[in-house]
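**Student:** Going line by line, the protein sequences match chains A and B.
Position 7, counted from 1, in the first sequence is what my numbering calls 7; the numbers after and before it change by one each time, with no gaps.
Position 269, counted from 1, in the second sequence is what my numbering calls 763; the numbers after and before it change by one each time, with no gaps.
C-beta atoms are modelled at their ideal positions from N, C-alpha and C, and glycine is treated no differently.
Remember, it's a predicted structure, so these values are computed and weren't measured experimentally.
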Amino acid sequence: MNSLAPPPLLVRQQELVSALRPFLAEDALLWEPEDTIPYECDGLAAYRQMPLAVALPQTEEQVVQILKVCNKLNIPIVPRGAGTGLSGGAMPIAEGLVLSLAKFKKIINIDPIARTAIVQPGVRNLAISEAVAKHNLYYAPDPSSQIACSIGGNVSENSGGVHCLKYGLTLHNVLRVRAILISGEIVEFGGLAPDAPGLDMLAVFIGSEGMLAIVTEVTVKLVPKPQVAKVIMASFDDIGKGGQAVADIIAAGIIPAGLEMMDQPATRAVEEFVHAGYDINAATILLCESDGTPEEVEEEISKMSAVLKASGATHLEVSQTEAQRLQFWSGRKNAFPAAGRISPDYYCMDGTIPRRQISELLNRIKDMESKYNLRCMNVFHAGDGNMHPLILFNGSDEDEWHRAEAFGSDILETCVELGGTITGEHGVGIEKINSMCVQFSESERDLFWAVKAAFDPKKLLNPDKAIPTLNRCAEYGRMRITGGVLPHPELERF
Amino acid sequence: MTQSFIQDTQEAIHEAIQSKGLLRITGSGTKDWFGAELKGNPLSTKNYQGIINYQPDELVITVKSGTSIKEIELALEEKNQQFAFEPPHFGDNATIGGMVCSGLAGPGRVSAGSLRDFVLGAKIMDGQGQVMNFGGTVMKNVAGYDVSRLMPGSLGTLALLLDVSIKVLPKPIATATLQLEIEQQKAIHTMNLLASQPWPINASCWQGEQNGMLHIRLSGAKAAVESATNSFKKNLGMKLLDPDEAKKFWDSLREHQSDWFKSSNHQALPLWRFAVAPTSNPINLPGSTLIEWHGGQRWWQGHLDAAAAKAIAAKAHGHASIFRSSERDLAMLSSLNDNPLTKALVPVQERLKKAFDPHGIFATGRLA
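(1) From the beta carbon of A689(B), is the nearest beta carbon of chain A less than 8 Å away?
(2) Any beta carbon from chain B within less than 8 Å of D237(A)'s own beta carbon?
(3) Among R268(A), A45(A) and S290(A), which one has its Cα closest to the Cα of L165(A)?
(4) Do the stretch 210-221 of chain A and the stretch 174-181 of chain A meet, that is, are 3 or more Cβ pairs less than 8 Å apart?
(5) Taking only beta-carbon positions, decide if E298(A) is within less than 8 Å of chain B.
(6) Is the separation between the beta-carbon of G529(B) and that of Y542(B) shorter than 8 Å?
(7) Taking Cβ-Cβ distances shorter than 9 Å, what residues in chain C pair up with W787(B)?
(8) DSSP three-state label for I66(A), please.
(9) V625(B) by DSSP, collapsed to three states: which one?
(10) How would you write the range of the beta strand (DSSP E) that A616(B) sits in, first residue to last?
(11) Sort R403(A), V220(A) and L447(A) by Cα distance to E169(A) and report the nearest one.
(12) Quick one: grab the DSSP three-state call for R478(A).
(13) May I ask you to verify whether the stretch 63-76 of chain A touches the stretch 460-470 of chain A, counting CB pairs closer than 8 Å and requiring at least 3?
(14) On the CB-based measure, 16 or more other CB atoms within 10 Å of its CB, does E509(B) come out buried or exposed?
(15) Applying the criterion that 16 or more other CB atoms from any shown protein chain within 10 Å of the CB defines a buried residue, is P9(A) buried or exposed?
(16) Chain A beta carbons: is any one of them nearer than 8 Å to that of T503(B)?
(17) Quick one: Cα of P256(A) to Cα of L568(B), how far?
(18) Looking only at its chain, what residues have a beta carbon closer than 6 Å to the beta carbon of S18(A), apart from the 5 residues adjacent to it on each side?
(19) From Q327(A) to N705(B), what distance separates their C-alpha atoms?
(20) Nearest-angstrom Cα distance between Y476(A) and P143(A)?
(21) Pick out whichever of A454(A), S443(A) and M436(A) has its Cα sitting closest to the Cα of D464(A).
(22) Report the residues of the stretch 525-545 of chain B with a CB closer than 8 Å to any CB of chain A, ordered along the chain.
(23) Is the CB of T836(B) under 8 Å away from at least one CB in chain A?
(24) Sort I93(A), Y47(A) and V11(A) by Cα distance to K432(A) and report the nearest one.
(25) Since L532(B) and G198(A) should fall inside the 8 Å C-beta cutoff, what is the C-beta to C-beta distance between them, to a whole number of angstroms?
(26) What does M460(A) touch in chain B if you count any residue whose Cβ is under 7 Å from its own?
(27) Determine the DSSP secondary structure at F236(A), reduced to helix, strand or coil.
(28) Answer with yes or no whether the minimum CB distance from K716(B) to chain A is below 8 Å.
(29) Counting along the chain, where does the beta strand (DSSP E) carrying D291(A) start and finish?
(30) Is the beta carbon of F584(B) less than 8 Å from the beta carbon of F612(B)?
(31) Contact between the stretch 231-250 of chain A and the stretch 359-366 of chain A: three or more CB pairs below 8 Å?
(32) For the ligand ADP, I want to know if G408(A) counts as a neighbour, meaning its beta carbon is within less than 7 Å of at least one of the ligand's heavy atoms.
(33) So is M593(B) in contact with chain A if we call contact Cβ pairs under 8 Å?
(34) Using CA atoms only, rank isn't needed, just tell me which of D551(B), I545(B), P550(B) and Q549(B) is closest to K451(B).
(35) Using alpha carbons as the reference points, say which of H275(A), V428(A) and K309(A) lies closest to D350(A).
(36) Write down every uninterrupted run of the beta strand (DSSP E) in the stretch 748-832 of chain B whose length is 3 residues or greater and which is fully enclosed by it, in chain order.
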């Protein structure tokens, strides 16, 4: 063997770069480590990998050409939006290309009467609502990272937000996706009509974590802005009563615009941080929002108040002004940075369980706190049963980290046992890929692979994410936030 | 019963694989007229019935596919809940399996969403007799591809639906229906203009030729419905319909039992469905049109050349299909081949079908 021969990865890199260079501008193709290092991870910073190269195309035609080149050279592609994902879905592959859609930033068309907007995938979630605000419309799904995350990423992850109980997930709010298959063919899923011929491929495409095709255009549904919104903050002296109140509200025939829950460790950490006006003596608080016409909101707030009182709320406070409503929400949205202030590290879970199991899970987490000798604070989308327990630990203590890991697995397994799922909104990505082995049987995972192969026969689009191979099923990966800080700490999350 | 049904069905599937036969999945046959010509030996879900789990405060019901929609709707009614997408039954014993796999929805679809929006999870038996679970019973679940949502509209060409979990919603506290005589183009504009404002509009329908009658259904909180009713009466000159008459109107529309559908029901004339961009111009065909979903779904009865129908639909960013007719020419069903941007998906769809059904025992061709 010739010791002077360049390493195989470098050969691949040369091959890829020279094939892409003819049609990409100099600053649209990066391969020097100092240029590609910002792309080595997404919002899940514990998982890093340098790619062969990063392409930042500007036109659909360039995307087509990139896909054709990679298809020909058998180079895997990791698509990337704003890089705010929390499950490592956009983590590069060593022998692959990162395809960034960051330059696809145009809002192509807004039709206020049809209530639709056609946008490129790099458009930020919140930018859509801002652009259509003058028509009194907005785009409903509101993941907490909405000031930075892109609609292309939202489509790939089927993102939710605090209002999805009433307004639905990305799936319910996207009408059409224009995308490019690995072959370079331009296709359309869904459409402007209420349905499309053939199988509903749009439904399986949304949430496919960049593994089926590359999005180049999205038509979203817009909804009229509610005239008014008000939120109730309800205190409970017992976590079980708070969990029951969530079920009672739904049982009373009310679908609140938002229904969030925080336990005492969470309210205390938050109150110290943002002074949201929370009742820190309560064992748990609920935030219940109503939106609509003034008459509607009045009616719903009084109904919800009655249910909450009957469920044992010890104190109710209704937001009197828009500023106070936003203040109540600011506490909820800052729960994660607040956790970062009181603990060197925290470890976030994303399981979803049936609502009636909320108090059961919270009680089990309480027991686990003693078992693992670690603290845990709980904030969650109670209306959807989507839990975000935050395990607090010190990462510089090896034993604490192992205990935190075991604590986390215990929570996820409990979620599956209680009839739920390992991930409600953060996606599987690379982080939870091993937990997929717990939730799905071998034949189910085989079908997932066959679905992928139907779109991407050579399995070049974001391989090794979301769907584990048999070999992977032995390992466990976890989200770990070093030093209590996520990348982009300025963003509100979850 | 469950175990023996599953075993019997697995046997039937294995036998079909061996004999290279075709299995046509059927519930009670109420929608046999829908889709392409029937082919294959019936594989019935009649012996697979019952509610597996219904938790009103979880907003979800899990049922076996052979259960009748009527039975489920009665159970929901008892808890003051409903399927907000208002599935049409099109017959007395219509089953949940047929409801899901036809993917059809009624007037409420325009505000509540499509049937597939409400599917949370499914247990299926694939073309090799393997039983698999996808999705679940929770509202948010992003573990793996959303395979359960491929079942709606698949017309039995992918797999046998065993159990399905569907999101349910509380019934609205108040509803009201208003009507207005108005010409077609203006009606389309009015429906969409009102929908772009925060009114509690739940359904819309217009029928006529040049001129016709617009119906709008409001639903939601009592105060909201009242204030919209007053505003529409005062500002648009709309008339409030008697509640019983209104209920009859929407029920018969959903079931295609109203006078407008009479000729196609008797198969005197083919019924065409145009699914188009809601704000598109009136489809330029002689005679009467019935419009639903703020313009997104348009019905027309008459003899029409398939290519002409498809051209009209394409102009309106949609697709056209024969919905109910004595003739069932495959060319009259909309297909991925109709649009240059979906042509490349034809082999993808074929591979998807193979993924579920490698031996082609469900390849009845019912879904064009």
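**Tutor:** This is what the structure gives:
(1) Chain A, which has a Cβ nearer than 8 Å to the Cβ of A689(B), makes this yes.
(2) no
(3) S290(A)
(4) yes
(5) Yes, contact with chain B.
(6) no
(7) Note that chain C does not occur in the displayed structure, where the protein chains are A and B.
(8) helix
(9) strand
(10) V613 to M619
(11) Per the sequence shown, the amino acid found at residue 169(A) is Leu instead of Glu. Among R403(A), V220(A) and L447(A), the Cα nearest to that of L169(A) is on V220(A).
(12) Because the pLDDT at R478(A) is just 39, under 50, the model does not fix this residue reliably, and the value given afterwards should be weighed accordingly. In the structure shown, R478(A) falls within a coil segment according to DSSP collapsed to helix, strand and coil.
(13) yes
(14) Sixteen is the threshold: since fewer than 16 other Cβ atoms of the shown chains lie within 10 Å of the Cβ of E509(B), the residue is exposed.
(15) Correcting the residue type first, residue 9(A) is Leu in the shown sequence and not Pro. The residue is exposed, with fewer than 16 neighbouring Cβ atoms inside 10 Å.
(16) no
(17) Looking at the two C-alpha atoms, the distance is approximately 25 Å.
(18) Here the set comprises nothing.
(19) 52 Å
(20) With a pLDDT of 41 at Y476(A), under the threshold of 50, the predicted position of this residue should be treated as unreliable, and no value is reported.
(21) Restricting attention to A454(A), S443(A) and M436(A), the CA atom closest to the CA of D464(A) is found in M436(A).
(22) none
(23) yes
(24) Y47(A)
(25) Going by Cβ atoms, the distance from L532(B) to G198(A) rounds to 19 Å, so no, they are not a contact pair.
(26) Just to set this straight, residue 460(A) is Leu in the shown sequence, not Met. Those do not exist, as L460(A) stays about 15 Å from chain B at its closest Cβ, beyond 7 Å.
(27) strand
(28) yes
(29) T284 to G292
(30) no
(31) yes
(32) Annotation note on the ligand ADP: not contained in the displayed structure, which lists no ligands.
(33) No, its Cβ sits nowhere closer than 8 Å to a Cβ of chain A.
(34) Residue 451(B) lies beyond the residue range present for chain B, which begins at 495 and ends at 862; the question has no answer from this structure.
(35) V428(A)
(36) 765-769, 783-786, 791-795 and 813-818
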